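Inspection log for the structure reproduced underneath, given as structure tokens.
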Amino acid sequence: MPKRLDLDLDDSEVNEFISIMEEIQQEIREEERKWLEEYAASETRNLESEVDWLQQDEVICPLCQKNPLHQIRSVIFCACGVRIDVQQDGLTLQHLKSELHKGLETHEQGCLVSPSFSLLHFLENTNLAITCEGCNFMYIVV
Numbered sequence: 001m002p003k004r005l006d007l008d009l010d011d012s013e014v015n016e017f018i019s020i021m022e023e024i025q026q027e028i029r030e031e032e033r034k035w036l037e038e039y040a041a042s043e044t045r046n047l048e049s050e051v052d053w054l055q056q057d058e059v060i061c062p063l064c065q066k067n068p069l070h071q072i073r074s075v076i077f078c079a080c081g082v083r084i085d086v087q088q089d090g091l092t093l094q095h096l097k098s099e100l101h102k103g104l105e106t107h108e109q110g111c112l113v114s115p116s117f118s119l120l121h122f123l124e125n126t127n128l129a130i131t132c133e134g135c136n137f138m139y140i141v142v
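Under full-length UniProt numbering, residue 142 is the last one in the sequence shown; the count climbs by one each step, no gaps.
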């Protein structure tokens, strides 16, 4: 049986204690409200940023992260030397952009480590992949 703590408190001390506890609870609720507002604002900014990014026609090369990707017929390429032939798949830059977004979003749901991008060469095919050593994530973009 738990021991009972006997304190000789008069009504004014009990009321003061209750008042202090109510103030603490109010402060906690206020902090929680502020945190939720900040979180909601951050989520809104992130969503707006993603929408803006998806609406842009330009796709920045994920490997060099400096130059835009271009497409001539079935070849997607960058000034840094990246060259991916998508003739077999019939893909476009917008499809590549969409797949990049899907891969990054999928990775971010479970890991905070920044992933890396690489080209995988198999036989005559070249694929763009997103990988993460932190969580062993791999996503084939194209």
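Even glycine gets a Cβ: it sits at the ideal position worked out from N, Cα and C. Since the structure is predicted, the reported quantities are computational estimates derived from the model, not experimental observations.
Does DSSP put Gln-88 in a helix, in a strand, or in coil? coil
Short CB-CB distance (under 7 Å) between Met-21 and chain B: Among the protein chains of the structure shown there is no chain B, as only one such chain exists.
Mind the definition here: the stretch 126-135 touches the stretch 102-118 only if three or more C-beta pairs lie below 8 Å; say whether that holds. yes
Would DSSP call Gly-128 helix, strand or coil? Strictly speaking, residue 128 in this sequence is Leu, with Gly absent from that position. If DSSP states are grouped into helix, strand and coil, Leu-128 belongs with the strands.
Would you decide whether Tyr-139 is buried or exposed? Buried here means 16 or more other CB atoms lie within 10 Å of its CB. buried
For Gly-90, is the classification buried or exposed, using 16 other Cβ atoms within 10 angstroms of its Cβ as the cut-off for buried? So Gly-90 counts as exposed.
Among the residues of its own chain, which have a CB less than 7 Å from the CB of Val-86, if the five just before and after it don't count? Ser-74, Ile-76 and Val-142
Distance check for Phe-122 and Glu-37, CA to CA, integer angstroms please. Their Cα atoms are separated by approximately 49 Å.
Taking Ile-72 as the reference, give the member of Lys-66, Pro-62 and Arg-83 with the closest Cα. Arg-83
Is the beta carbon of Val-59 sitting closer than 7 Å to the one on Leu-47? no
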